[in-house]
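Input: a single structure, listed below in structure tokens.
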Amino acid sequence: MAAIEPNWQALLVFLVAWLAGCIGLIYLSGNLPLKAAPETARVGFGPALIWTNLAVLVVLTVLSLGFAVSQLRWTSLIVGGGGVFLFAPFIVQDLPRSLKDTQVGLAVLLGCLLAAVMLVYIASNR
2 MAAIEPNWQA LLVFLVAWLA GCIGLIYLSG NLPLKAAPET ARVGFGPALI
52 WTNLAVLVVL TVLSLGFAVS QLRWTSLIVG GGGVFLFAPF IVQDLPRSLK
102 DTQVGLAVLL GCLLAAVMLV YIASNR
């Protein structure tokens, strides 16, 4: 592994964070624009959850790419990030409808994105 990527811990952190970001992007693309969102996501706190998820997704993307550029080889970033981006839609596709089209799913996504932001933040400050 050291011949491919000497900092495999940073690679693992990046791949987990990038996976959360790719899942978030694909998940949120089904809710934007808000007029196209499922009815259960357009009522109550749904729009606020969608916009909050989008803001956290932008922060996660910037943090994870900055972390990867500073810690990893370019080849690891491109191959690892591309592989995750390629297979992330299969994860979102297999989610049950009760998570895909509801505010509960948006809240779970927000928790996952926030956990990924904290993971990158902690790993970058070690």
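With the sequence shown counted from 1, adding 1 to any position gets you the numbering used here. Built from N, CA and C at the ideal position, the CB exists for glycine as well. Quick caveat, the model's predicted, so the values are computed rather than measured.
Less than 8 Å between C-beta atoms, sequence neighbours within five positions excluded: which residues of the same chain meet that for residue i?
i: residue 35; result: 43, 48 and 51
i: residue 27; result: 89, 90 and 93
So, are the CB atoms of residue i and residue j less than 8 Å apart?
i: residue 121; j: residue 68; result: yes
i: residue 65; j: residue 9; result: no
i: residue 16; j: residue 54; result: no
i: residue 104; j: residue 45; result: yes
Suppose the cutoff is 7 Å on Cβ atoms and the five residues either side in sequence are ignored; what does the same chain contact list for residue i look like?
i: residue 1; result: Lying outside 2 to 127, the shown extent of the chain, residue 1 is not represented and no answer is given.
Could you check where the alpha helix (DSSP H) with residue i kicks off and where it finishes?
i: residue 34; result: Premise fails: residue 34 is in no alpha helix (DSSP H) and is neither H nor E.
i: residue 8; result: That residue, residue 8, is in no alpha helix (DSSP H); it is neither H nor E in DSSP.
i: residue 68; result: 47-72
i: residue 42; result: 40-43
Can you find the residues in the same chain that come closer than 6 Å, C-beta to C-beta, to residue i, ignoring five residues on each side of it along the sequence?
i: residue 100; result: 106
i: residue 41; result: 102 and 103
* Are there three or more Cβ pairs, one per stretch, closer than 8 Å when the region 54-61 is compared with the region 103-121? -> yes
* Pick out the complete alpha helix (DSSP H) segments inside the region 85-127, 4 residues or longer, and give them in chain order. => 98-101 and 104-125
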